[in-house]
Structures are given as C-alpha cells and as structure tokens.
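Visitor:
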Amino acid sequence: MATATGKIETKDSLVSLLEENSEKLLTCVHCGLCLPACPTYRELGNENDSPRGRIYLMRAVVEGKVGLGESFINHIDLCLGCRACESVCPSGVPYGHLLESARAEVSRAKADRGSVSERILRLFLNQVFTRPRLLRAGMALTRLLRDSGLARLALESSLVTGRLRFALALLLASRTPIRRRGERRPVEAHSDDALRVACLRGCVMDGLFKEANLATERVLDRNGCKVVEAIDQACCGALHSHAGQIEQARSLARKNIDAFQKSDCDRVIVNAAGCGAAMKEYAALLSDDPEYRESAREFSSKVRDISEFLMELGVEPPAGRLSRRVAYDAPCHLIHAQRIAHAPIDLLRAVPGLEIVPLAGYESCCGGAGIYNLQHQELSGAILSEKLDSIRAAGADTIATGNPGCIMQIG
Ligand code: SF4
Ligand code: SF4
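Reminder that position 196 of the sequence shown reads as 1051 in this note's numbering, one-by-one numbering, no gaps.
1) If we count the other Cβ atoms within 10 Å of its Cβ and call it buried at 16 or more, is SER1156 buried or exposed?
2) Taking DSSP's pairing of strands, which residues face ILE1124 in a bridge?
3) Does the count of Cβ pairs from the segment 934-943 and the segment 951-967 closer than 8 Å reach three?
4) Any chance the CB of CYS1261 is under 7 Å from a heavy atom of ligand 2?
5) Got a sec, what are the start and stop residues for the beta strand (DSSP E) ALA849 sits in?
6) With a threshold of 8 Å between beta carbons, is ARG1077 in contact with chain B?
7) Looking only at its own chain, which residues have a Cβ that is under 7 Å from the Cβ of LEU1023, when we skip the five neighbours before and after it?
8) In or out: ASP1061 buried (at least 16 other Cβ within 10 Å) or exposed?
9) Using a threshold of 7 Å, is the CB atom of CYS886 nearer than that to any non-hydrogen atom of ligand 2?
10) Run the proximity test for PRO945: is its beta-carbon closer than 7 Å to any non-hydrogen atom belonging to ligand 1?
11) Just checking my contact of GLY1222 with LYS1242 at CB under 8 Å: how many whole Å lie between their CB atoms?
12) Taking 7 Å as the line, does the beta carbon of CYS894 fall inside it for any heavy atom of ligand 2?
13) Could you tell me whether any non-hydrogen atom of ligand 2 is closer than 7 Å to the CB of CYS883?
14) For the beta strand (DSSP E) containing LEU1214, list its first residue and its last residue.
15) Cα separation between MET913 and GLY993?
16) At a cut-off of 7 Å, is ARG914 close to ligand 2 when judged by its beta-carbon and the heavy atoms of the ligand?
17) Helix, strand or coil for LYS965? Go by DSSP, reduced to three states.
18) Within a Cβ cutoff of 6 Å, which residues of the same chain sit near LEU1025, ignoring the five residues on either side of it in sequence?
19) Closer than 7 Å to a non-hydrogen atom of ligand 2 - does that hold for the CB of LEU978?
20) Using CA atoms only, rank isn't needed, just tell me which of SER1106, HIS1045, GLU1102 and LEU1234 is closest to VAL1083.
21) Could you name the residues of the same chain whose beta carbon sits closer than 6 Å to that of GLY861, not counting the 5 residues immediately before and after it, in chain order?
22) Is ASP867 buried or exposed, if buried means 16 or more other CB atoms sit within 10 Å of its CB?
23) Using a Cβ-Cβ cut-off of 7 Å (strictly less than) and excluding sequence neighbours within five positions of ASP896, which residues of its own chain qualify?
24) The beta strand (DSSP E) that contains VAL1181, what's its start and end?
25) Pick from PRO894, GLY887 and LEU888: whose alpha carbon is nearest that of ALA1237?
26) Return the residue from the list LEU1234, ALA1215 and GLN1232 that minimises the CA-CA distance to SER1245.
27) Quick check: the segment 1167-1183 against the segment 1130-1141, are there 3 or more CB pairs under 8 Å?
28) Cutting at 6 Å between CB atoms, please list the residues of its own chain near HIS1097, excluding the five before and the five after it.
29) Suppose you measure from the CA of LEU1094 to the CA of ASN1228; what does that come to, to the nearest Å?
30) Could you tell me which uninterrupted alpha helix (DSSP H) segments, each at least 4 residues in length, are contained entirely in the segment 1185-1248, listed from first to last along the chain?
31) Taking 7 Å as the cut-off, does the CB of VAL834 come closer than this to any heavy atom belonging to ligand 1?
32) If you follow the beta strand (DSSP E) that VAL1074 is part of, which residue opens it and which one closes it?
33) Is CYS1221 near ligand 2, going by C-beta to nearest heavy atom under 7 Å?
34) Using the three-state DSSP reduction, which class does MET1263 fall into: helix, strand or coil?
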C-alpha cells in the first residue's frame, strides 16, 4: 500500500527492507560492473533493465520519487532473478532479497489493478502448490499427457500455438533418460553413526523427474548415508518468493522446518538448485518470526545441494562406466545464489568414462528462470539462443545441469 508521498508501509515493503539492509543497499556505488553479467541488459541494452538501473528504480520508489507505475512493474518483471549481478558486485548488494521485496510490491500493484495473469498465477501458487494432494493429482495428469503421446501429438499438429505450444515443448523435454528401476530404493545396512539424510522431494522434481529423485537416494545410500523420510514436507516456496507471495513462502517454510525436524535428519539434501537456494534462505525469510527464527537458522545450516554434499563427504565413484562427452551448464541458483561452482564439475569428474568439455558462458542464465520463459517468451528465447550457440560450439553429446527448469528450457 502506498501513501500519498509514495512511501510504502507494508511489512514486506521495500522501505522495511531498505531499513534492514541500509548499509549494504546504500553501498551500491553505481560502478556498473554488474552490467555485462546481466542477460537482460545484454539483450535489451537499456539501463533500466540492468541491475544498477533496477536498484536505482527501487530506491526511487522507496524515496517517493517515482510511483509503482507501469514502467517500474515492467522493468522488475523483466528481471530473470538469476542473481548473476550478485556474483560480480564488489559492494555485496543483496540484489536477490531486494528483488523479492520489489516483486511483492509489484504483485500487490498488479492485483490492485485487476490483472488476470496475476490472478491465475496466484491461484496456482496459493491454491495448488500449497495443497499436496491437489498438486500430486495435477502432476499425475501432466505426466499422463506427456507419457501417453498426447503432448507429442498436440505439438506436431498446428492446432496448438503460442504459449501452450511452448509449454508442451517444455513438458516433453522433462522426459528422463534414466532407466526405471522400480519405486523403492534399495536400503543397505548402515552403522548406527551413519549420517541421517532427508531429501526434498520437490514439486516439479517429484512430479516430472521422479527417477532422478530415486537415483539421488540410491547414490546417498551407496555413499554410506541413512536416507530417512521427511513425511509431511511441502513445496519449498521458491516460486512463491520469486512471485512476491512472501507470506505463502513463509508458511511453506514453517511446514518444511517442522517436517524435516520430525525426521531427525543431520542434513537436508536437495537436487534442484532453485529449491536449495530457497531453503538455505529460510533463516532470512523467517528472521522476524520469534517462534521459528532459531529453528529456521538451524534448518538452513543443514541444507546441502547434492553435489555439494557428496563432495564434502568424499564421494565414492560409481562402479560403472559412462562414455560420454559432457558439458556442464550451471543453474543460476547454484552458482550465483548458493555460490557453488566447482562441486558439480568435480562430481562429474568422479564418474569413470566421462569427458568433461568446457561450455562458454556456462555461468549465464538459460532464460528458463521459473516461469519466466512462459511469461516473456521472446526475451527468454533470445537468451536461450545465446546458450544454444555455446552448447553447439562445445561439441558435447550430453549437457549436465542441476535444476528441472534448466533441463526443460535447454532440452
Ligand atoms: S549493484 Fe554492485 S556491481 Fe552493480 S552498480 Fe551497484 S555496486 Fe556496482
Ligand atoms: S538478477 Fe539477473 S536479470 Fe536480474 S538484474 Fe541481476 S543479472 Fe540482471
């Protein structure tokens, strides 16, 4: 809600964030080092679509110099949230947190204006992604569409066009090359002092990449960990945070903290970079919640990306051999948000037979960015085409990455 002066008074507002982070935020020295790292600036060449420009706009809104008008909404909307700017910023500006707060304001402003797309997005995020049974049913139908051949048929016909056509292509790209080995993971006998690990199932991972989840558990099991279930776990809330639905994100975070606490695990293992980044930030998300502040901090300290965890543990190389030329494309939420650059490559190097080839721009966003590719098809496509050019030049027969959205976008 904005006052007559344009100041914003809500709890999740840019004003409160600015106050909490004033030292860091005000250290944006406008150096512009982040500009070449920003995919939207590289594509559009507009200062307002650069990190520096967006920070400037946010501060202008907070200071009441500009309102939450179309221009502000568009420039914030066009941000991928890839956080490449954070990795190169010498002043440590917490751009990701700023963006989430700005998006909360943008989401409110759009809802106030009766935006239909905002209503649909909120409906999905708040009524489907927060209801595990409904979400599972939706994912089962989506799998049926994918695996029955209907999606392929629809894509090959000229009846489906635009966003729906692109959504079907993304869905088909989620088919897994991992051979089905049954629903249950083999449970090896472990010593009493084996590390107890619980995996996040994830919404998209559980719905469309279940084989990868089962493979993750088998690898953990084989590496001497005792895999335990966090039974009542929920969506990690990443999509909600990115869409400015901060209260829903907090509510999901509390559910997950309770569920993983009940499992009595030593580590929370995540194989989707976007989810891992969100869960590592529960401590910040719930820092104002007196009941959950401490448990959120403890929870976040236990979260590990699967590659990070296996390299920390000292991975036992697989017995088999895989003769492939592999290029690694880093998910933004692994390399920029979690600052994990080497572990995935080291892990691939541990697989006998793999030849790792370099991929130019491997640290740059593929344009997927959650549902950005459906919301901003043209710009996302332009960013993707830069990525595909690099992939072709790398000469790999396999692209490895660590996030379902990237797999679908590149695939
Ligand atoms: S965000 Fe960081 S890198 Fe970008 S202009 Fe500000 S200080 Fe420089
Ligand atoms: S998050 Fe990515 S797209 Fe957004 S300003 Fe930073 S570098 Fe640019």
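All residues carry an ideal CB built from backbone N, CA and C; glycine is no exception.
Guide: On the basis of the data shown:
1) Answer is exposed; the Cβ neighbour count stays below 16.
2) DSSP output for ILE1124 lists CYS1054 and ARG1159 as bridge partner(s).
3) Using a Cβ-Cβ distance cut-off of 8 Å, the segment 934-943 and the segment 951-967 are in contact, since at least three pairs of beta carbons, one from each stretch, lie closer than that value.
4) With a threshold of 7 Å, the Cβ atom of CYS1261 does not count as near ligand 2, since no heavy atom of the ligand is closer than that.
5) Past the edges of the chain, shown from 856 to 1266, lies residue 849, and the structure says nothing about it.
6) You won't find chain B in this structure, because it holds only one protein chain.
7) Its chain contains ALA1006, ALA1009, LEU1010 and VAL1015 as the residues whose beta carbon lies nearer than 7 Å to that of LEU1023, once the 5 sequence neighbours on both sides are disregarded; these appear in chain order.
8) Classification of ASP1061: buried, given that the 10 Å Cβ count is 16 or more.
9) Relative to the non-hydrogen atoms of ligand 2, the Cβ of CYS886 never comes closer than 7 Å to any of them.
10) Yes, Cβ of PRO945 sits closer than 7 Å to a heavy atom of ligand 1.
11) 7 Å between Cβ atoms; contact.
12) Checking the displayed sequence, the identity of residue 894 turns out to be Pro instead of Cys. Within the cutoff, so yes.
13) No, Cβ of CYS883 sits at least 7 Å from all heavy atoms of ligand 2.
14) Per DSSP, LEU1214 belongs to no beta strand (DSSP E) and is neither H nor E.
15) Here the alpha carbons of GLY993 and MET913 stand approximately 37 Å from one another.
16) For ARG914, the CB stays at least 7 Å from every heavy atom of ligand 2.
17) In the three-state reduction of the DSSP assignment, LYS965 falls in the helix class.
18) Here LEU1025 has MET1263 as same chain residues with Cβ atoms under 6 Å from its own Cβ, once five neighbours each way along the sequence are excluded.
19) No - ligand 2 has no heavy atom lying nearer than 7 Å to the Cβ of LEU978.
20) Out of SER1106, HIS1045, GLU1102 and LEU1234, HIS1045 has the C-alpha closest to the C-alpha of VAL1083.
21) Model confidence at GLY861 stands at a pLDDT of 38, short of 50, so the residue's coordinates are unreliable and nothing is read from them.
22) For ASP867, the predicted model reports a pLDDT of 47, less than 50, meaning its position is unreliable and no value from the coordinates is stated.
23) In the sequence as presented, Asp is not what sits at residue 896; that position holds Tyr. Non-local C-beta neighbours of TYR896 in its own chain, meaning closer than 7 Å and more than five positions away in sequence, comprise LEU890, ASP904 and SER905, ordered along the chain.
24) It spans 1179-1183 - the beta strand (DSSP E) in which VAL1181 sits, taken as one unbroken run.
25) The shortest CA-to-CA distance from ALA1237 to any of PRO894, GLY887 and LEU888 is the one to PRO894.
26) Closest option to SER1245, Cα to Cα, is ALA1215.
27) Taking 8 Å as the limit for Cβ pairs, the verdict is that the segment 1130-1141 does not touch the segment 1167-1183.
28) Around HIS1097: GLY936 and GLY1225.
29) Here the alpha carbon of LEU1094 sits roughly 14 Å from the alpha carbon of ASN1228.
30) DSSP runs (the alpha helix (DSSP H)) wholly in the segment 1185-1248: 1187-1190, 1198-1204 and 1227-1230.
31) In the structure as shown, the chain starts at 856 and stops at 1266, and residue 834 therefore has no counterpart that could be examined.
32) Boundaries around VAL1074 are those of the alpha helix (DSSP H), 1065-1077, since no beta strand (DSSP E) includes it.
33) No heavy atom of ligand 2 is found nearer than 7 Å to the CB of CYS1221.
34) MET1263: helix per DSSP, three-state reduction.
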